[in-house]
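Residue numbers (the numbering used here): 156 to 270. Heads up, the thing below is written out as structure tokens.
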């Protein structure tokens, strides 16, 4: 699966676990560190963990595994690094504080909503 497909697959998985304010940020023209950020908000640390665990289980079924992950200790921001796709699952206040969308404001942003 290419990085764009993986990014939108992960966004869909976030939707399935009721993640909110989901965005896919295309960074391909801005950096060579990664191709996409996929970001969502969650209303509790329990939901942050549920979303992250669901993504890890479901992507593994597609032979995609996170190379690295962080944030499972305090669950206010979990990062799953698939190398070309980096997933950020935030508590709402933590997301506002770090403002990744503002830091990467030049990225092409696609909002992902439940249809």
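Backbone N, C-alpha and C define an ideal beta-carbon position, used for all residues, glycine too. Remember, predicted model here, so these are calculated numbers, not experimental data.
**Study point:** Bridge partners - residue 236, DSSP secondary structure assignment
**Key:** Here the question's residue 236 lines up with position 81 in the chain shown. Per DSSP, 223, 241.
Exercise for review: Could you have a look at residue 180 and say whether DSSP puts it in helix, strand or coil?
Suggested key: Taking the first residue of the chain shown as 1, we reach residue 180 at position 25. Three-state result, residue 180: strand.
**Study point:** Pairwise C-alpha distance: residue 237 and residue 216
**Key:** In the chain shown, residue 216 corresponds to position 61, counting from 1. In the chain shown, residue 237 corresponds to position 82, counting from 1. Going from the Cα of residue 216 to the Cα of residue 237 covers about 14 Å.
Exercise for review: State the CB to CB distance for the pair residue 194 and residue 234, rounded to an integer number of angstroms; the pair is presumed to be in contact (CB under 8 Å).
Suggested key: For this step, residue 194 is matched to residue 39 along the chain shown. For this step, residue 234 is matched to residue 79 along the chain shown. Not really, about 10 Å apart at Cβ, beyond 8 Å.
Practice item. With residue 188 as the anchor, note down where its beta strand (DSSP E) starts and where it stops. Key: In the chain shown, the residue the question calls residue 188 occupies position 33. From DSSP, residue 188 is part of no beta strand (DSSP E); its letter is neither H nor E.
Practice item. Just grab the DSSP bridge partners of residue 266 for me. Key: Within the chain shown, the letter at position 111 stands for residue 266. 178, per the DSSP bridge assignment.
Exercise for review: State whether the segment 157-167 contacts the segment 177-192, with contact taken as three or more CB pairs (one from each stretch) at a distance under 8 Å.
Suggested key: Under the Cβ criterion (8 Å, minimum of three pairs), the segment 157-167 counts as touching the segment 177-192.
Exercise for review: Return yes when the Cβ of residue 240 is within less than 9 Å of the Cβ of residue 186, no when it is not.
Suggested key: In the chain shown, the residue the question calls residue 186 occupies position 31. In the chain shown, the residue the question calls residue 240 occupies position 85. Result no, Cβ atoms of residue 186 and residue 240 do not sit closer than 9 Å.
Review point. Cα separation between residue 220 and residue 211?
Key: Counted from its first residue, the chain shown places residue 220 at position 65. Counted from its first residue, the chain shown places residue 211 at position 56. Each residue's alpha carbon lies about 7 Å from the other.
Practice item. Please name the residue in 172, 176, 261 whose C-alpha comes closest to that of residue 247. Key: Residue numbering aside, residue 247 sits at position 92 when the chain shown is read from its first letter. Ranking 172, 176, 261 by Cα distance to residue 247 puts 176 first.
Check your understanding: Do you know offhand how far residue 263's Cα is from residue 192's?
Key -> The sequence position of residue 263 within the chain shown is 108, counting from 1. The sequence position of residue 192 within the chain shown is 37, counting from 1. Spanning the two alpha carbons is a distance of roughly 11 Å.
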